[in-house]
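*Asks:* First the structure, which I've put down as structure tokens, then a few questions once you've had a look.
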Amino acid sequence: MVDLESVKRAQMNIADIIHRTPILSSEQFDLASGNKVYFKAEHLQKTGSFKIRGAANAVKNAVRDGVASITAASSGNHGQAVAYVAKQLGVQAVIVVPETASRVKVAAIESYGAEVVYCGTTSAHRIPKAQQLAAENNGVYIPPYDHEDIMSGQGTIGLELLEQVEGLDVILVPVGGGGLISGILAAVKNVNPGIKVIGVEPEEANDTWLSLQNGRITSIPESFTIADGLRTSQPGAMTFPVLQQYLDGLLLVSEADIKKTFQFLAERTKQLVEPSSAMAAAPLLFGELKDANLKAAVVLSGGNVDLKELQAILPE
Ligand SMILES: *Cc1c(COP(=O)(O)O)cnc(C)c1O
């Protein structure tokens, strides 16, 4: 189970691998938002996203248990994080990616020394392949969110935020499979339950919103939101109950508002974050939390943007 103790253990476990990322603020953003906003800069994290926190925790524990090889099924931030950590710890990593994976992403994974295996186009192809490769090589398959070590590792962001900023009213967190927010909930809600933790999800990938409405895990068809780190089709079996227990709210953001927030963060605050991150700040600029006069933290979860894709991310 993910709880305050497991997150504290993760914090000790991963301290020598990760950066303790800074808190950024922007007068321009505060003025436009009508709130005092603290950005947790995970786009400046090693490998360019928070995913290394969970990956470091899970891979370290697996290596301690004696595994010889690590597999993952992701061409994105999770794949890069697992590849990087495996190299640091001196174990072999095999990352299964879709046949459609971009060259930039594959090159990043290979630069961390991992082997890349192409398989199919959907996670329904990739995950069994990665699990099979793990079984064949005395290895272990590391999922991107639905795993105690992953959730606990991501939750270390919550502990750092509590240390770095006093008196927060609310923490805004992007929601994909829910590993990031469930870890943060387990940490923050057991230290200071008065701080509201609010999830933010694209309207175009509203699986967690629907699941909360229905009171059970509900899946959606494949999504093409510009926030490509959040295209999960359903919340995790382990993450969802944590959200049901602790979450204070879940806000939805349109594709247009994701793009406008991305542009604002780049032009005015000079932070290049990926759309999956920018989205979490949108409710403070254009949505329900504008002019709310709150002390708010936003988890800027990652900064891996392919600059060739910039045209598609900017507003029309
Ligand atoms: C994975 C990811 C998310 C979502 O995290 P979950 O644990 O899947 O909810 C958000 N932002 C970025 C940049 C990511 O890579």
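Numbering (the UniProt record's numbering), first residue to last: 1 to 316.
The C-beta atom is built at its ideal place from N, Cα and C for all residues, glycine as well.
Quick check: the stretch 100-111 against the stretch 16-34, are there 3 or more CB pairs under 8 Å?
*Replies:* Result no; under three Cβ-Cβ pairs closer than 8 Å.
*Asks:* Determine the burial state of VAL192: buried for a count of at least 16 other Cβ atoms within 10 Å of its Cβ, exposed for fewer.
*Replies:* For clarity, residue 192 is Asn in the given sequence; the question names Val instead. With fewer than 16 other Cβ atoms within 10 Å, it is exposed.
*Asks:* What's the gap between the Cα of ALA55 and the Cα of GLY155?
*Replies:* If you take the alpha carbons of ALA55 and GLY155, they lie about 12 Å apart.
*Asks:* Less than 7 Å separating the Cβ of ASN77 from some heavy atom of ligand 1?
*Replies:* Yes, since a heavy atom of ligand 1 falls inside the 7 Å radius drawn around the Cβ of ASN77.
*Asks:* Quick one: using the 10 Å Cβ neighbour count with 16 as the cut-off for buried, is MET151 buried or exposed?
*Replies:* Buried, since its Cβ has 16 or more Cβ neighbours within 10 Å.
*Asks:* Could you please give me the residues that DSSP links to ALA141 through a beta bridge?
*Replies:* The question names Ala, but residue 141 in the sequence shown is Tyr. Answer is THR71.
*Asks:* Counting along the chain, where does the alpha helix (DSSP H) carrying residue 323 start and finish?
*Replies:* Residue 323 lies beyond the residue range present for the chain, which begins at 1 and ends at 316; the question has no answer from this structure.
*Asks:* Which residues in the same chain have their Cβ closer than 7 Å to the Cβ of ALA187, if we skip the five residues on either side of it in sequence?
*Replies:* Taken in chain order, the residues that qualify are LEU4, VAL7, GLY155, GLY158 and LEU159.
*Asks:* Please classify LYS46 as buried or exposed, where buried requires at least 16 neighbouring CB atoms within 10 angstroms.
*Replies:* With 16 or more Cβ atoms within 10 Å of its Cβ, LYS46 is classed as buried.
*Asks:* Going by the DSSP bridge assignment, what does PRO174 pair with across the sheet?
*Replies:* DSSP output for PRO174 lists VAL200 as bridge partner(s).
*Asks:* On the three-pair Cβ rule with 8 Å, is the stretch 283-299 touching the stretch 62-74?
*Replies:* Output reads no: the stretch 62-74 does not touch the stretch 283-299.
*Asks:* Buried or exposed for GLU267, going by 16 or more other Cβ atoms inside 10 Å?
*Replies:* Looking at its Cβ environment, which holds fewer than 16 other Cβ atoms inside 10 Å, GLU267 is exposed.
*Asks:* Can you grab the Cα-Cα spacing for the pair SER25 / PRO174, in whole Å?
*Replies:* If I take the Cα positions, the gap works out to 18 Å.
*Asks:* Can you check the stretch 265-301 for any beta strand (DSSP E) of at least 3 residues that lies completely inside it and give the ranges in chain order?
*Replies:* 295-300, all fully within the stretch 265-301.
*Asks:* When the Cα atoms are used, what is the spatial distance from VAL165 to GLN271?
*Replies:* Cα-Cα distance, rounded: 20 Å.
*Asks:* Cα separation between ILE226 and LEU314?
*Replies:* Between ILE226 and LEU314, the C-alpha separation is close to 10 Å.
*Asks:* Could you tell me if the beta carbon of PHE232 falls within a distance shorter than 7 Å of some heavy atom in ligand 1?
*Replies:* For the record, residue 232 in the displayed sequence is Thr; it is not Phe. THR232 Cβ: within cutoff of ligand 1.
*Asks:* Can you find a heavy atom of ligand 1 that lies under 7 Å from the Cβ of GLY249?
*Replies:* Incorrect: GLY249 has no Cβ contact closer than 7 Å to ligand 1.
*Asks:* Leaving out five residues before and five after VAL59 in sequence, what residues of the same chain have Cβ atoms less than 8 Å from its Cβ?
*Replies:* Closer than 8 Å at Cβ, skipping near neighbours: ILE70, VAL82, VAL85, ALA86, LEU89, VAL91 and ILE142.
*Asks:* Nearer than 7 Å: is that true of the beta carbon of GLU274 relative to any heavy atom of ligand 1?
*Replies:* Yes, since a heavy atom of ligand 1 falls inside the 7 Å radius drawn around the Cβ of GLU274.
*Asks:* Sorted by chain position, which residues of the same chain lie with C-beta nearer than 7 Å to ILE240's C-beta, five sequence neighbours on each side aside?
*Replies:* It should be pointed out that residue 240 corresponds to Phe in this sequence rather than to Ile. Cβ within range, chain order: GLY178, SER211 and ILE217.
*Asks:* Considering only heavy atoms of ligand 1, does any lie closer than 7 Å to the CB of LEU180?
*Replies:* Yes, the beta carbon of LEU180 sits closer than 7 Å to at least one heavy atom of ligand 1.
*Asks:* What do you reckon, are the CB atoms on ALA114 and VAL94 nearer than 8 Å?
*Replies:* Yes.
*Asks:* Closest to ALA205 by C-alpha separation, out of LYS189, SER223 and ARG9, would be which residue?
*Replies:* With distances taken between Cα atoms, ALA205 lies closest to SER223.
*Asks:* Ignore the nearest five residues each way along the sequence and tell me which others in LYS260's own chain have a CB closer than 8 Å to its CB.
*Replies:* Excluding sequence neighbours, LYS260 sits near ALA282, LEU285, PHE286 and PRO315.
*Asks:* In the DSSP assignment, what are the bridge partners of GLY249?
*Replies:* Paired residue(s): ILE198.
*Asks:* Could you confirm whether any beta carbon from chain B is found closer than 8 Å to the beta carbon of THR47?
*Replies:* This model lacks chain B altogether; it includes just one protein chain.
*Asks:* Kindly give me the distance between the Cβ atoms of LEU250 and GLU201, rounded to whole angstroms, as I take these residues to be in contact under 8 Å.
*Replies:* About 6 Å separates the two Cβ atoms, so the contact holds.
*Asks:* Helix, strand or coil: which one does DSSP assign to LEU24?
*Replies:* Of the three classes helix, strand and coil, the one that applies to LEU24 here is strand, per DSSP.
*Asks:* Using the C-alpha atoms, what's the distance from ALA135 back to MET279?
*Replies:* Approximately 37 Å, taken between the alpha carbons.
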